[in-house]
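All residue numbers for the sequence shown refer to my numbering, where the first residue is 2 and numbers rise by one. Here is the structure we will look at, set down as structure tokens.
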Amino acid sequence: MASSPHPPDAGIRPSREAKLCKDSECLLNVAGRHFLVKILEVTVETVRVSFPARDYPVEGMRAYLEFHDDDGFYYYASQVLKGPTAKGDGLVLYRLSGLKRSMHRGSFRVPTDLTVQVRDQVHARKYNAALLNISAGGALIQTEAPFDFSTTIELTLSLPGEPTHMILSQVVHTSAGTAKGAPCAHHFGVRFVNIDRDAEQSVTRFVSTRLQDLYPANDAPR
């Protein structure tokens, strides 16, 4: 994910979870790296959050507090006012803007009941994952795999009537989930990275067919 968010989308109301509240958790984006932090204190102009390291980030660096959901994320632009001086010390951010919105995807996603295989690029173990929905740009999966935010994974996809493809993907948001027989399963939103033409065409054909099934005749979404 880029170090600065995409332009916000107007007319979208923030969710309750996107508000700056003491003890809530969110992602802190600093120079393109994401850290899970807890909000420790909120004032009119500043936010103090936990941070797992020391001596970084330094005063003056731009940072974004991000609250992710299935469709995108809300964010606050901020600037580091006081960096951590010891591990676990936390940091103080000066709030530069109000709440804004960015969307993850720009193409139709369709629901599925298919299963895919996933693994990260570091470990050889593969996990089964329920493919909850898919578009030409990404997918939502549910699995017990221990992926972190921004993990790069290999997703092996076999769509009906299409050849099998391995698609390089990146985790762009996560949320807790439950599945029958798999109480520890989580939802992972993944974005396809450098998808090849054949794989993209397979996904596009599948999405088109599913849209015709879901929205027959002139009922297709615009």
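By construction, the Cβ of each residue, glycine as well, lies at the ideal position given by its N, Cα and C atoms.
- Using a Cβ-Cβ distance cut-off of 8 Å, the segment 51-59 and the segment 86-100 are in contact, since at least three pairs of beta carbons, one from each stretch, lie closer than that value.
- Taking every protein chain shown into account, the CB of histidine 69 has 16 or more other CB atoms within 10 angstroms, so this residue is buried.
- Just measuring C-alpha positions, the residue of Ala130, His187 and Glu163 sitting nearest threonine 210 is Glu163.
- Judged by beta-carbon spacing, serine 170 lies within the 8 Å limit of valine 194, meaning their Cβ atoms are closer than that value.
- Annotated three-state conformation of glutamate 201 is helix, per DSSP.
- Inter-residue distance for tyrosine 57 and alanine 32 is about 11 Å (C-alpha atoms, whole angstroms).
- DSSP, reduced to helix, strand and coil, places arginine 55 outside both helices and strands of the structure shown, so it counts as coil.
- Closest by C-alpha distance to isoleucine 168, out of Phe150, Leu160, Pro147 and Asp197, is Asp197.
- The continuous stretches of beta strand (DSSP E) do not include serine 151, and DSSP gives it neither H nor E.
- Judged by beta-carbon spacing, threonine 175 lies within the 8 Å limit of phenylalanine 150, meaning their Cβ atoms are closer than that value.
- DSSP, read as helix, strand or coil, puts valine 208 in helix.
- Cβ neighbours of valine 191 within its own chain (closer than 7 Å, five residues either side excluded): Gly139, Ala140, Ile142, Ile154, Leu156, Ser170, Gln171, Val172 and Val173.
- Classified as buried, lysine 101 has 16 or more neighbouring CB atoms from the shown chains inside 10 Å of its CB.
- The C-alpha of aspartate 214 lies about 46 Å from the C-alpha of lysine 23.
- Note on glycine 84: 16 or more other CB atoms within 10 angstroms of its CB, so buried under the neighbour-count rule.
- Here glutamate 26 is bridged, per DSSP, to Lys39.
- The continuous beta strand (DSSP E) containing isoleucine 135 extends over residues 128-135.
- In the structure shown, alanine 140 adopts extended strand secondary structure according to DSSP, grouped into three states.
- When secondary structure is reduced to three states using DSSP, aspartate 121 falls in the strand class.
- Secondary structure at alanine 78: strand, using DSSP grouped into helix, strand and coil.
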